[in-house]
Each structure stands twice: as structure tokens, then as C-alpha cells.
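Step one of this worksheet: look at the structure below.
Numbering (the working numbering), first residue to last: 132 to 255.
Set out below in C-alpha cells:
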């Protein structure tokens, strides 16, 4: 029993440090370059993606839409979340090719500065 407690107290944190070291090593070697580049675009449109994800999910789960609340099992929920996030990754990528901000980020920025901000990206 003492050996089990000691291995849990020492082994768990030791494995955490090993995982942290490996993750940091892979990051510095550039292993996550493409992934972080794709995710960063969704981060630049975080407010827009949050609102669109809310609209999509409430339409799927609430009674004014499909009404699937409580009818989606664990795996269907995971697949649905991956599909929605994948669509948002693609949409963010293509949107930011032509525009400087997401639509709601642009609206928020325009309201903050009390004047319309340029939305369209200037082509070189």
C-alpha cells in the first residue's frame, strides 16, 4: 500500500514533467507550426467564432431549431464539435485572406473608436 501511494505521489508529477518537456521540445522544433498558424486565425476572429458557434449550437439543440438537446450521445457530440470547429477553421482562414478582422471584431472596433474602421484588406 505504501508503495502504491508513493508511486502515485511521485510518478504522477514526474510524468507531468516528462509530458511538459516533450511538448516544449516539439514546439521549439517547429512541430506544431502549421497547427498553431491555423488556430491563430480562429483566435483573430474569436468574438465572431464564439457568436457563430452559439448560433449554430442553439439552432441544433434548442426547440426553435432541431431540438436535439438530450438526444445526442457522447460520440455524436464530439464529432459535432470537431465538425463545427473545422468549419470555423476554414471560414476564418478564407475570411482573413480578404478582410483585416472578423465581422463582429470589426463592428466592435468601429464602435470603440466611434468611426468606421477599414475592413477590406489592402492588396499589394
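Where is the CB? At the ideal position from N, CA and C, for every residue including glycine.
Sub-8 Å separation of residue i and residue j beta-carbons
i	j	result
residue 225	residue 250	no
residue 175	residue 133	no
residue 157	residue 163	yes
Exposure of residue i, with buried meaning 16 or more beta-carbon neighbours within 10 Å
i	result
residue 204	exposed
residue 233	buried
residue 165	exposed
residue 185	exposed
residue 168	exposed
residue 139	exposed
Bridge partners - residue i, DSSP secondary structure assignment
i	result
residue 230	251
Exercise for review: Within the region 149–226, note down every full alpha helix (DSSP H) run reaching 4 residues or more, in order along the chain.
Suggested key: The region 149–226 contains these whole alpha helix (DSSP H) runs: 164–175 and 177–192.
Review point. Is the number of C-beta pairs between the region 148–159 and the region 189–200 that are closer than 8 Å three or more?
Key: Too few Cβ pairs lie closer than 8 Å, so no.
Check your understanding: Touching or not, the region 234–254 and the region 168–182, by the rule of three or more beta carbon pairs under 8 Å?
Key -> Here the region 234–254 lies against the region 168–182, with 3 or more beta-carbon pairs under 8 Å apart.
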